[in-house]
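**Student:** One structure, pasted below without further comment.
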Ligand SMILES: [Zn+2]
């Protein structure tokens, strides 16, 4: 029994060995295959395999990894893409590499779609007031979509008692909704219109008549009758007088406007204001100053940014008025905008001030206030400037007699004839001349002699001299 069992045990033993051997080999093979698979080249995509991006927005590669035989082989990957972010559609990004005879590929799907809702822009405030008992009147709105463009006509409006709802959808189905709140009440102040505008004029010794005004309110209508006027104009004295017009609507919103009335000396009839533009100018200005000095006549020079400083000093020191004509005298610059006009005027103002200490407030517009050339640079600029110079403390002087020395007159004699034939003892004579012209210099002594012989007086313009204004045409 014992032997037999021993024999049996002997017989059984090799089977266990085989099993262990077989198991070991199997394990080895499995590990080998797994390891081999792990070692094989492969590409792993980061991020989503199917991506959706908004049209026109750049495709941003989320990244990828590539490995083979324990090595990073990312630089072996070649990428092919047909993505067009400017056109909606489904595209592919293909990642490929060939390594040791193995070819590996990964694909990412990219969908370009309209993910953006249209935008609605409300004109005015998103909070709107309506007068009591009144209805909201649409002020306006626009709708624009990134893909469909202008969708304003597609906006649907729902009016409720306390709000207006605006809705619109684009073709991709993105929806936008905005609201405008409606509140009953009057938040708008009345408006006051002054006849003749904010600047008016009167002569010493003559009575002043208010040119009138009107007040209207968005809810109350015409409330002119409620306007109160404060202030008064004393036409016995030269000065700037302010009249304040005030009005309040039923909701308590107040408005006011101020009118400045400039009371000036009318100037004695038969006065001649000799005015010289565009200087100073070497040669001619000296000669003109010499004649004026010899004749004991004071005049007005509207100077620019050019010519010698010494002549501006001399004009001032010899008792003439130094007026401002602008620094550049360049229409295209001056009349391009209110700001560029005043920048140029300030430049010549400062030149005169620095040379003489005189803060000149007396100006002449190049081309005169009636010029039409300024239309080429800005429509309506003269209407604005003629008011704005007054608001900024200047007075402007056009002319009522032209010597023709800017080009029409062909000789000194012609300049003389043009001037004397226009003079009148019944009016103030504002004579336009140019101290840059030799004809003027040569005609000046005869003009002065004629004036003296015929009962005229000569005077320089001062801030008390009433403005001589032409009709504004732009
Ligand atoms: Zn000029």
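In my numbering, the protein residues as written are 9 to 482.
All residues carry an ideal CB built from backbone N, CA and C; glycine is no exception.
A quick note: this is a predicted structure, and the numbers were derived from the prediction, not measured.
Could you tell me the boundaries of the beta strand (DSSP E) in which residue 311 lies?
**Tutor:** Where residue 311 is concerned, the enclosing beta strand (DSSP E) stretches over 308-311.
**Student:** Between the beta-carbon of residue 370 and the beta-carbon of residue 312, is there less than 8 Å?
**Tutor:** Against a cut-off of 8 Å, the Cβ pair of residue 312 and residue 370 comes out as no contact.
**Student:** Within the region 73-99, note down every full beta strand (DSSP E) run reaching 3 residues or more, in order along the chain.
**Tutor:** Listed in chain order, the complete beta strand (DSSP E) runs (minimum 3 residues) inside the region 73-99 are 86-89.
**Student:** In chain order, what residues of the same chain lie with their CB nearer than 6 Å to the CB of residue 389, ignoring the 5 residues before and after it?
**Tutor:** The answer, listed in chain order, is 343, 382.
**Student:** Could you say which of 337, 436, 130, 129 lies nearest to residue 349 if we only look at CA atoms?
**Tutor:** The shortest C-alpha separation from residue 349 is found at 337.
**Student:** Pick out every residue whose C-beta is nearer than 6 Å to a heavy atom of ligand 1: which are they, in chain order?
**Tutor:** Ordered along the chain, the selected set is 285, 286, 333, 337, 374.
**Student:** Straight-line CA distance for residue 391 to residue 482?
**Tutor:** Rounded to whole angstroms, residue 391 to residue 482 spans 6 Å at the Cα level.
**Student:** In this structure, how does DSSP classify residue 533 when only helix, strand and coil are distinguished?
**Tutor:** The structure shown does not extend to residue 533, since the chain spans only 9 to 482, so no value can be given for it.
**Student:** Please go through the same chain and pick out, in chain order, the residues whose beta-carbon is closer than 6 Å to the beta-carbon of residue 102, but skip the five residues on each side of it.
**Tutor:** Result list for residue 102: 88, 115, in chain order.
**Student:** Report the option in 357, 281, 440, 172 whose CA atom is closest to the CA atom of residue 131.
**Tutor:** Of the listed residues, the one whose Cα sits closest to residue 131 is 172.
**Student:** Applying the criterion that 16 or more other CB atoms from any shown protein chain within 10 Å of the CB defines a buried residue, is residue 379 buried or exposed?
**Tutor:** With 16 or more Cβ atoms within 10 Å of its Cβ, residue 379 is classed as buried.
**Student:** For residue 10 and residue 28, what's the separation of their Cα atoms in angstroms?
**Tutor:** Low per-residue confidence applies at residue 10: pLDDT is 47, beneath 50, and the placement is therefore not dependable enough to give any value.
**Student:** Relative to the C-alpha of residue 254, which residue among 231, 246, 314 is closest?
**Tutor:** Cα-wise, what sits closest to residue 254 is 231.
**Student:** Could you tell me whether the region 305-322 touches the region 353-367, using the rule of 3 or more Cβ pairs below 8 Å?
**Tutor:** Counting Cβ pairs under 8 Å, three or more are found: they touch.
**Student:** Measuring only the C-alpha atoms, how far is residue 451 from residue 387?
**Tutor:** Distance between the alpha carbons of residue 451 and residue 387 is about 38 Å.
**Student:** Could you say which of 417, 68, 394, 353 lies nearest to residue 204 if we only look at CA atoms?
**Tutor:** Selected option, being the one with the closest Cα: 394.
**Student:** Mind checking which residues open and close the alpha helix (DSSP H) that includes residue 453?
**Tutor:** Run containing residue 453: 446-461, per the alpha helix (DSSP H) assignment.
**Student:** With DSSP as the reference, label residue 365 as helix, strand or coil.
**Tutor:** Three-state DSSP puts residue 365 in coil, outside helix and strand.
**Student:** Figure out for me which residue from 384, 309, 420 has the closest Cα to the Cα of residue 368.
**Tutor:** Measuring from the Cα of residue 368, the nearest candidate turns out to be 309.
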